[in-house]
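In full-length UniProt numbering, the protein residues as written are 1 to 114.
The beta carbon of each residue, even a glycine, is placed where N, CA and C say it ideally should be.
Owing to the predicted nature of the structure, the values given are computational and were not obtained by experimental measurement.
These notes concern the structure reproduced below.
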């Protein structure tokens, strides 16, 4: 898996792509930690080009979502492809984490969650 990062005034956008392997949890954790330390109000993760995600990766997303929520910040996943969404639905993650169809919808979601 490779990861690109983009920051603007309010948000930190993470774009992983490729296959999520067992060893990629450390990379994901490092990037999520970078986003948390950035003090940006919103962290968005674009999952359009991620082909799969492990259970460990899903647990990490859930953990960071909770940590950010406790700080009144928001983690939103967007452009989730069908294969990843099926994994999220099977694990129950889709019911407890913020998911949007697009970055624009994710930004709109942040307006309603303040």
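> When you compare only the Cα positions, how much space is there between residue 109 and residue 100?
Replying inline: Here residue 109 refers to the residue found at position 109 when the chain shown is read from its first residue. Here residue 100 refers to the residue found at position 100 when the chain shown is read from its first residue. When only Cα atoms are considered, residue 109 and residue 100 end up about 8 Å apart.
> If you draw a straight line from the alpha carbon of residue 37 to that of residue 82, how long is it in whole angstroms?
Replying inline: Start at 1 with the first residue of the chain shown, and residue 37 comes out as number 37. Start at 1 with the first residue of the chain shown, and residue 82 comes out as number 82. Their Cα atoms are separated by approximately 31 Å.
> How would you call residue 106, buried or exposed, if buried means at least 16 neighbouring beta carbons within 10 angstroms?
Replying inline: As a first step, residue 106 is located in the chain shown; it is residue number 106 there, counting from the start. With 16 or more other Cβ atoms within 10 Å, it is buried.
> Cβ of residue 57 within 8 Å of Cβ of residue 20?
Replying inline: One-based indexing of the chain shown puts residue 57 at position 57. One-based indexing of the chain shown puts residue 20 at position 20. Taking 8 Å as the cut-off, the beta carbon of residue 57 is found closer than this to the beta carbon of residue 20.
> Rounded to whole angstroms, how far is the Cβ of residue 78 from the Cβ of residue 44, which I believe are closer than 8 Å?
Replying inline: Against the chain shown, residue 78 aligns to sequence position 78. Against the chain shown, residue 44 aligns to sequence position 44. A Cβ-Cβ distance of about 6 Å is found for the pair residue 78 and residue 44, placing them in contact under the 8 Å criterion.
>> Can you tell me which residues form a DSSP beta bridge with residue 100?
In response: Your numbering for residue 100 matches position 100 in the chain shown. BP columns for residue 100 point to 78.
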